[in-house]
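*Asks:* These protein sequence lines are chains A and B, in that order. All the letters of the first sequence, read from the start, carry residue numbers 0 to 321 under numbering that gives the first Met the number 0. All the letters of the second sequence, read from the start, carry residue numbers 0 to 321 under numbering that gives the first Met the number 0.
2 protein chains.
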Amino acid sequence: MSQTCAPPAPLYLDCDTGVDDALALAYLLASPEIDLVGVGTVHGNVDAPQGATNTLDLLALAGRDDVPVAVGAHDPLAGSYDGGVPHVHGRNGVGDVVLPASGRSPAAGTAVDLLLRLSHEHAGRLRVVAVGPLTNLALALRADPTLTKRVVDVTVMGGAALHPGNVTPVGEANIANDPEAAAEVLSADWDVTLVPLDVTMAHLLEETDRKTLLEAGTTLAPWLGEVLDLYFGFHVPTFGRRCSALHDPLAAAVAVGGVTPTLAPRVPVVVDTTDGPGRGQTVCDLRGRYAGYPDVPGARTRVVLATDAPLTPQLLERLLTL
Amino acid sequence: MSQTCAPPAPLYLDCDTGVDDALALAYLLASPEIDLVGVGTVHGNVDAPQGATNTLDLLALAGRDDVPVAVGAHDPLAGSYDGGVPHVHGRNGVGDVVLPASGRSPAAGTAVDLLLRLSHEHAGRLRVVAVGPLTNLALALRADPTLTKRVVDVTVMGGAALHPGNVTPVGEANIANDPEAAAEVLSADWDVTLVPLDVTMAHLLEETDRKTLLEAGTTLAPWLGEVLDLYFGFHVPTFGRRCSALHDPLAAAVAVGGVTPTLAPRVPVVVDTTDGPGRGQTVCDLRGRYAGYPDVPGARTRVVLATDAPLTPQLLERLLTL
Numbered sequence: 000m001s002q003t004c005a006p007p008a009p010l011y012l013d014c015d016t017g018v019d020d021a022l023a024l025a026y027l028l029a030s031p032e033i034d035l036v037g038v039g040t041v042h043g044n045v046d047a048p049q050g051a052t053n054t055l056d057l058l059a060l061a062g063r064d065d066v067p068v069a070v071g072a073h074d075p076l077a078g079s080y081d082g083g084v085p086h087v088h089g090r091n092g093v094g095d096v097v098l099p100a101s102g103r104s105p106a107a108g109t110a111v112d113l114l115l116r117l118s119h120e121h122a123g124r125l126r127v128v129a130v131g132p133l134t135n136l137a138l139a140l141r142a143d144p145t146l147t148k149r150v151v152d153v154t155v156m157g158g159a160a161l162h163p164g165n166v167t168p169v170g171e172a173n174i175a176n177d178p179e180a181a182a183e184v185l186s187a188d189w190d191v192t193l194v195p196l197d198v199t200m201a202h203l204l205e206e207t208d209r210k211t212l213l214e215a216g217t218t219l220a221p222w223l224g225e226v227l228d229l230y231f232g233f234h235v236p237t238f239g240r241r242c243s244a245l246h247d248p249l250a251a252a253v254a255v256g257g258v259t260p261t262l263a264p265r266v267p268v269v270v271d272t273t274d275g276p277g278r279g280q281t282v283c284d285l286r287g288r289y290a291g292y293p294d295v296p297g298a299r300t301r302v303v304l305a306t307d308a309p310l311t312p313q314l315l316e317r318l319l320t321l
Numbered sequence: 000m001s002q003t004c005a006p007p008a009p010l011y012l013d014c015d016t017g018v019d020d021a022l023a024l025a026y027l028l029a030s031p032e033i034d035l036v037g038v039g040t041v042h043g044n045v046d047a048p049q050g051a052t053n054t055l056d057l058l059a060l061a062g063r064d065d066v067p068v069a070v071g072a073h074d075p076l077a078g079s080y081d082g083g084v085p086h087v088h089g090r091n092g093v094g095d096v097v098l099p100a101s102g103r104s105p106a107a108g109t110a111v112d113l114l115l116r117l118s119h120e121h122a123g124r125l126r127v128v129a130v131g132p133l134t135n136l137a138l139a140l141r142a143d144p145t146l147t148k149r150v151v152d153v154t155v156m157g158g159a160a161l162h163p164g165n166v167t168p169v170g171e172a173n174i175a176n177d178p179e180a181a182a183e184v185l186s187a188d189w190d191v192t193l194v195p196l197d198v199t200m201a202h203l204l205e206e207t208d209r210k211t212l213l214e215a216g217t218t219l220a221p222w223l224g225e226v227l228d229l230y231f232g233f234h235v236p237t238f239g240r241r242c243s244a245l246h247d248p249l250a251a252a253v254a255v256g257g258v259t260p261t262l263a264p265r266v267p268v269v270v271d272t273t274d275g276p277g278r279g280q281t282v283c284d285l286r287g288r289y290a291g292y293p294d295v296p297g298a299r300t301r302v303v304l305a306t307d308a309p310l311t312p313q314l315l316e317r318l319l320t321l
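1) Leaving out the 5 sequence neighbours to the left and right, which residues in its chain are closer than 6 Å to S101/B when beta-carbon positions are compared?
2) To the nearest angstrom, how far is it from the Cα of T192/A to the Cα of S243/B?
3) Taking the alpha-carbon positions, what's the V226/A to A61/A distance?
4) Distance, Cα to Cα, E205/B vs D284/A?
5) For chain B, find out if any of its Cβ atoms is closer than 9 Å to the Cβ of M156/A; answer yes or no.
6) So, are the CB atoms of A51/A and H73/A less than 9 Å apart?
7) Less than 9 Å separating the beta-carbons of H246/A and V93/A?
8) If we count the other Cβ atoms within 10 Å of its Cβ and call it buried at 16 or more, is A5/A buried or exposed?
9) Under a three-way DSSP split, which group does M0/A fall into?
10) Counting Cβ pairs closer than 8 Å, one from the segment 103-115 of chain A and one from the segment 80-93 of chain A, do we hit at least three?
11) Can you list, in chain order, the residues of its chain whose CB lies under 7 Å from that of V258/B, leaving out five sequence neighbours each side?
12) Just to confirm before moving on: does the CB-CB distance between P260/A and N176/A stay below 9 Å?
13) Would a C-beta distance cut-off of 9 Å place T147/A and A182/A closer than the cut-off?
14) Quick check: is the beta carbon of Y11/A nearer than 9 Å to any beta carbon in chain B?
15) Quick check: the Cα distance between D152/A and T281/B, rounded to an integer number of angstroms?
16) Is there a Cβ from chain C that is less than 9 Å from the Cβ of F231/A?
17) So, under 8 Å CB-CB, A254/A and R126/A are touching, yes? Tell me the CB distance rounded to an integer number of Å.
18) Give me the residue from T273/B, H86/B, Y292/B and V269/B with the minimum Cα distance to Y230/B.
19) Do you know how far the Cα of G17/A is from the Cα of G279/B?
20) Count the other C-beta atoms from every protein chain shown that fall within 10 angstroms of the C-beta of H162/A, then say buried if there are 16 or more, exposed otherwise.
21) Name the chain A residues whose beta carbon is nearer than 7 Å to that of D284/B?
22) Looking at C-alpha atoms only, which residue of G170/B, L219/B and E32/B is the closest neighbour of P195/B?
23) Three or more C-beta pairs under 8 Å: does that hold for the segment 114-125 of chain A against the segment 266-276 of chain A?
24) Straight-line CA distance for T154/B to D274/A?
25) Give me the Cα-Cα distance between A8/B and L304/A, rounded to the nearest whole angstrom.
26) Alpha carbon to alpha carbon, what distance is there between E32/B and D271/A?
27) How about N176/A: is its C-beta nearer than 9 Å to some C-beta of chain B?
28) For P168/A, does the count of other Cβ atoms within 10 angstroms reach 16, so buried, or fall short, so exposed?
29) Pop quiz: L318/A and L223/A are said to be a contact at Cβ under 8 Å. What is the actual Cβ separation, rounded to whole angstroms?
30) For the alpha helix (DSSP H) containing R317/A, list its first residue and its last residue.
31) Anything in chain A within Cβ reach of Y289/B, meaning under 8 Å, just list it in chain order.
32) Taking 9 Å as the CB-CB limit, is V161/B close to chain A?
33) To the nearest angstrom, how far is the alpha carbon of L323/B from that of A137/B?
34) Which class does R286/A belong to by DSSP, given the choice of helix, strand or coil?
35) To which residues does DSSP link T306/A through a beta bridge?
36) Measure from the C-beta of G164/A to each C-beta in chain B and report whether the shortest distance is under 9 Å.
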C-alpha cells in the first residue's frame, strides 16, 4: 500500500519558535504524510508568546491561517524562564528578521488546552512532535494522564546520548531547559522517539542551501533564508563555517517518515534532575553497544543514533514548495 | 636521543588486583621504560588485602620480590566496600585460580605511606599509574597536598566520556566505586591522563592470545593465561565471544609510552558525586568535538579518545618475557 493512500495523520507540534523550529514548522506544512492540526508554544529559544507570534507569522506566509496556535508555559516546572538565547535565535527568535505580521491572535486557552482538545478530536490518531522544552506535554499529562491513550506516538528533539551536550558538557537545551518536565514525559505510558544531538548534529544546512531558499521566488522560503542568517553565524565557532545544524527539522522528518532511523534502540532513558553537573542529561542505557544495541524489554523510548539519509535535500525540496 | 639512553622512570602503581590489573602489573614489570618502585592496593575488584596478596604472588612469579606492596584503603571515602565483583574477577580476584603463594607479607604502613615515601625518594621523577578506585590517591593528597609537586604525572584507567559506562549507563567501575575520591584527584594541581572506556573497550585480548600465554613456557605468563579464563567468560554477553577488554593494561601502556594517544584533549572533567543517575560519571567537556577537540585553557586532565596502535601484540610480546 502506498503511503499516499492513507489519509494524512493529524499532528500537534509543540515548539519554541526559534529558527530551526521555523524550519520544522515549514517542513511539516509541506509534508503530505501529516496534517498539522495545531501548534502550542513554550518557553525556550524565546518566551512562549513571542514563539506564538513567530508561528502565526510563519503560518500566514504559508497561507495556513487555519492552523490554531496556542500559547503554552511561560516557565519550566522548576524555576523560571531564563530569557532565551538571543545570540543564537535573535532577540525575537527569528534571527531578528521582522516578518510580515499575521494580524492573527493566538487561540483562546493554553497549549495544554489545545493539545488535550486535539487528542479527543483525533483520539487514537493524533501524533505529537515536540521540539522545545517539554513543559507543555508534562502539564498536559498532569492535567489528564489518559492523554497517553489517545496519542499514537511522541517524537522529541532533545537530549544527547553518546554525544556532547550543547548547553552543558552533557546537557542539550530542550531537555536542560526543563529537566523535570522531560523526566515526566519520558516516564509516561507512551512511546517516545528521542532525536538527540547524536543525529541532529550530522544534518547540516549550508550557505548554498540558504541561497537557494533566498532565491526561491515563493512566499515563505525566502523569509526562511533571511531568518537563518544570524543562526548560520552562531554555528561558525562550532563548525568553522557559516551553516546550521538541523535539530528540529530532523525530529519532524523522523516523525513523518521523511528520514528513517537505521539505529534507534528502545532503551531506558532517565533524565538527570539533580543539581549536579549532569543536570538535564538524558541518561540513556546504551550498554548494549557491542551487541548491536538490542532493545531493552519494557523500555518505551527509542533513541535515534543513526538515520538512513541526509535530511537536507528533502528539507529543501519541501521548503521550496512554500 | 633514543629512549633507551634515559634511565627508567620510577613508577608507583595503585591497583585492585583484579584480572586486568594483573596484566597491567606484568606489562609494567616487562617495560624497560619504567622501574616499578612500589604497588599500593585498594578496594575494588576485591578487597585491598586480597589485592595485595594477588600482587605479591604475581611479583614472586615474575621474580620481583624486591617491589614493595602496601595495603591501602578498605573503603571508599563515602560508604563502604561493596564486596567486589566475583562474577567478573573471581572470588579471589584472579579468576579463582590458586596462584603459588609468595610467602611475602605486605610492606608495613599503608599504600598512602608508600606513595608519599616514594614521592620523596623520587621527587620530581615519580610517575603514578592508578587502575583501581582513586581512594588511596585522594587520601594521599589529603595527607600531603604537596604530593602534586613531586609527581610527574598521573595516568588513570577510569571513566567513560562519549561511551556507555560499565556499572551504570554512564558510570565506569573505578570511578563509580569512589566518585568522591575521583573528584578530589581530578581537581588536584597535577596533570592527569584519563584512559576511559572509550579507548579501553577497543583493545581486546582473544582466545588465541590466551592460548599463547598458556603455552609460553615461561614462569608468569602461563598463570596469566589461566587467570584470564573466567574473565574471558564474563565478556561473552558483551562481545558475543570469549575475549577480554584490556582496561588496565592500556592505561599502563599509555603511561609508559608503549601506546601513544592520537586524540587526547585537555578538557574540564567533573566527577558526578550526586546521588542521581549520573553518580560516578566523568563529565568531560567535549563540546569542542566539531572543532577537532582543541585543548581547553586551564584544563589539567587529558581524556584519551583514540590511540595509535593496537595494544595486544605489544602486550603479548612483553608478557611472554616473564
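Glycine residues also receive a C-beta, built at the ideal position from the N, C-alpha and C atoms.
*Replies:* So, from the listed chains and residues:
1) Along the second sequence, read from residue 1 onward, the residue named residue 101/B stands at position 102. Only L55, D56 and A59 meet the Cβ criterion.
2) In the first sequence, the residue the question calls residue 192/A occupies position 193. In the second sequence, the residue the question calls residue 243/B occupies position 244. Between T192/A and S243/B, the C-alpha separation is close to 34 Å.
3) Position 227 of the first sequence holds residue 226/A. Position 62 of the first sequence holds residue 61/A. Separation of V226/A and A61/A (C-alpha to C-alpha, rounded to the nearest whole angstrom) is 15 Å.
4) As a first step, residue 205/B is located in the second sequence; it is residue number 206 there, counting from the start. As a first step, residue 284/A is located in the first sequence; it is residue number 285 there, counting from the start. Each residue's alpha carbon lies about 26 Å from the other.
5) The residue you call residue 156/A lines up with position 157 of the first sequence. Using a Cβ-Cβ cut-off of 9 Å, M156/A does not count as an interface residue toward chain B, since no Cβ of chain B sits closer than that to its own.
6) Your numbering for residue 51/A matches position 52 in the first sequence. Your numbering for residue 73/A matches position 74 in the first sequence. Their beta carbons are not under 9 Å apart, which means A51/A does not touch H73/A by this criterion.
7) Start at 1 with the first residue of the first sequence, and residue 246/A comes out as number 247. Start at 1 with the first residue of the first sequence, and residue 93/A comes out as number 94. Not closer than 9 Å, so no.
8) Mapped onto the first sequence, residue 5/A falls at position 6. By the neighbour-count rule (16 or more Cβ atoms within 10 Å), A5/A is not buried but exposed.
9) Your numbering for residue 0/A matches position 1 in the first sequence. Unreliable placement is indicated for M0/A, whose pLDDT of 42 sits below 50; the coordinate value is still reported in the next sentence. DSSP places M0/A outside both helix and strand once states are collapsed to three, so it counts as coil.
10) Touching, no, given that fewer than three Cβ pairs across the two stretches are closer than 8 Å.
11) Position 259 of the second sequence holds residue 258/B. Correct list, in chain order: L249, A252, T306, D307, A308 and L310.
12) Here residue 260/A corresponds to residue number 261 of the first sequence, with the count starting at 1. Here residue 176/A corresponds to residue number 177 of the first sequence, with the count starting at 1. The criterion of a C-beta distance shorter than 9 Å is not satisfied by P260/A and N176/A.
13) Taking the first residue of the first sequence as position 1, residue 147/A is located at position 148. Taking the first residue of the first sequence as position 1, residue 182/A is located at position 183. Going by C-beta atoms, T147/A is not nearer than 9 Å to A182/A.
14) Here residue 11/A corresponds to residue number 12 of the first sequence, with the count starting at 1. Closer than 9 Å: no.
15) What you label residue 152/A is simply residue 153 of the first sequence in a count that begins at 1. What you label residue 281/B is simply residue 282 of the second sequence in a count that begins at 1. If I take the Cα positions, the gap works out to 34 Å.
16) Among the chains of the structure shown, chain C does not appear; the protein chains present are A and B.
17) Mapped onto the first sequence, residue 254/A falls at position 255. Mapped onto the first sequence, residue 126/A falls at position 127. Right, their Cβ atoms sit about 6 Å apart.
18) By one-based count along the second sequence, residue 230/B stands at place 231. That would be H86/B, whose Cα lies nearest to the Cα of Y230/B.
19) Numbered from its first residue, the second sequence carries residue 279/B at position 280. Numbered from its first residue, the first sequence carries residue 17/A at position 18. Computed Cα separation, rounded: 35 Å.
20) Looking up residue 162/A in the first sequence gives position 163. H162/A sits buried, since 16 or more C-beta atoms from the chains shown fall within 10 Å of its C-beta.
21) As a first step, residue 284/B must be located in the second sequence, where it is residue number 285. Listed along the chain, the chain A residues whose CB falls inside 7 Å of the CB of D284/B are P168.
22) Looking up residue 195/B in the second sequence gives position 196. Taking only the C-alpha atoms, the option nearest P195/B is G170/B.
23) At 8 Å Cβ cutoff, the stretches do not touch.
24) As a working mapping, residue 154/B is identified with position 155 in the second sequence. As a working mapping, residue 274/A is identified with position 275 in the first sequence. Take the alpha-carbon of T154/B and the one of D274/A: they are about 29 Å apart.
25) Taking the first residue of the second sequence as 1, we reach residue 8/B at position 9. Taking the first residue of the first sequence as 1, we reach residue 304/A at position 305. So the two alpha carbons sit approximately 44 Å from each other.
26) Counted from its first residue, the first sequence places residue 271/A at position 272. Counted from its first residue, the second sequence places residue 32/B at position 33. One alpha carbon belongs to D271/A, the other to E32/B, and they sit about 44 Å apart.
27) Along the first sequence, one-based indexing puts residue 176/A at 177. Residue-level contact check: N176/A does not touch chain B, since none of the beta carbons of chain B fall below 9 Å from its beta carbon.
28) What you label residue 168/A is simply residue 169 of the first sequence in a count that begins at 1. By the Cβ neighbour-count rule, P168/A is buried, with 16 or more other Cβ atoms within 10 Å of its own.
29) Counted from its first residue, the first sequence places residue 318/A at position 319. Counted from its first residue, the first sequence places residue 223/A at position 224. Confirmed, Cβ separation roughly 6 Å.
30) Locating residue 317/A in the first sequence gives position 318, where the first residue counts as 1. Note, R317/A: alpha helix (DSSP H), T311 to L318.
31) Sequence index remark: in the second sequence, residue 289/B carries index 290 (1-based). In chain order: M200, T237, F238 and G239.
32) Reading the second sequence from its first residue, position 162 is the one you call residue 161/B. It should be noted that the sequence gives Leu, not Val, for residue 161/B. It does; some Cβ of chain A falls within 9 Å.
33) Lying before the first or after the last residue shown, residue 323/B is absent from chain B, which here runs from 0 to 321.
34) Residue mapping note: residue 286/A aligns to position 287 of the first sequence, counting from 1. If DSSP states are grouped into helix, strand and coil, R286/A belongs with coil.
35) Along the first sequence, one-based indexing puts residue 306/A at 307. Partner(s): P260/A.
36) Taking the first sequence and counting its residues from 1, the one referred to as residue 164/A is at position 165. Among the residues facing chain B, G164/A is included, as its CB has a counterpart in that chain under 9 Å away.
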